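Colleague:
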Amino acid sequence: MNFEILKPDKNTIIFKLREKKLDATLSPELKAEFLALCQSNVKRLIIDLSQVEYCDSSGLSSLLFCERRMRENKGDVTLVGVTDKVLSLMKIARLDPLFKIAPSIDEALDSKTKK
1 MNFEILKPDK NTIIFKLREK KLDATLSPEL KAEFLALCQS NVKRLIIDLS
51 QVEYCDSSGL SSLLFCERRM RENKGDVTLV GVTDKVLSLM KIARLDPLFK
101 IAPSIDEALD SKTKK
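Following UniProt numbering, the numbering of the sequence shown begins with 1 at its first residue and continues without gaps.
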């Protein structure tokens, strides 16, 4: 799995997924990465999905897993760069209200980003 992690401040991590597909082949490894990130003292996780062109139910499951872990730790997740295809799948699954969604990393870093 290809990704990049940035830490703009002590409470925030930006996880840039560098894959075109977010599916069952990535899901176990992605969940393991998210678990490690969620166990740190991070309160805000920004997941950049701008390169993801395809997502299946396993990919959505990975994102949901991360959202739940962050919520348990009193943190939150913001998705950025969500393509229309991925957003459509999230809406069909009725998962879009669970996530903060921002058009860019800069906007996600703005504390006024809402669900």
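The beta-carbon is built from N, C-alpha and C at its ideal position, and this holds for glycine as well.
In this text the structure is predicted, and so the values were computed from the model without any measurement.
Where does Leu35 fall in DSSP's three states?
Modeller: As a working note, residue 35 is residue 35 in the sequence shown. Note: Leu35 maps to helix in three-state DSSP.
Colleague: Can you check which of these residues, Gly75, Ala36, Leu30, Thr78, is closest to Cys55 by C-alpha distance?
Modeller: Sequence index remark: in the sequence shown, residue 55 carries index 55 (1-based). For the residues Gly75, Ala36, Leu30, Thr78, the minimum Cα distance to Cys55 belongs to Leu30.
Colleague: Would you list the one or two residues that DSSP bridges to Cys66?
Modeller: As a working note, residue 66 is residue 66 in the sequence shown. DSSP lists no partner for Cys66.
Colleague: Tell me the rounded alpha-carbon separation between Leu89 and Asn2.
Modeller: Here residue 89 is taken as the residue at index 89 of the sequence shown, counted from 1. Here residue 2 is taken as the residue at index 2 of the sequence shown, counted from 1. Approximately 23 Å between the Cα atoms of the pair.
Colleague: Please classify Arg71: is it buried, with 16 or more other beta-carbons within 10 angstroms of its beta-carbon, or exposed?
Modeller: Position 71 of the sequence shown, counted from the start, is the residue given in the question as residue 71. Arg71 is exposed by the Cβ-count criterion.
Colleague: According to DSSP, simplified to helix, strand and coil, what is Arg71?
Modeller: Counting from one through the sequence shown, the residue named residue 71 turns up at place 71. Reduced to three states, the DSSP call for Arg71 is helix.
Colleague: Going along the chain, which residues of its own chain have a beta-carbon closer than 8 Å to the beta-carbon of Ile13, five neighbours each way excluded?
Modeller: As a first step, residue 13 is located in the sequence shown; it is residue number 13 there, counting from the start. Cβ neighbours of Ile13 beyond the five flanking positions: Ile5, Leu6, Lys7, Leu37, Ser40, Val42, Arg44, Leu45, Ile46.
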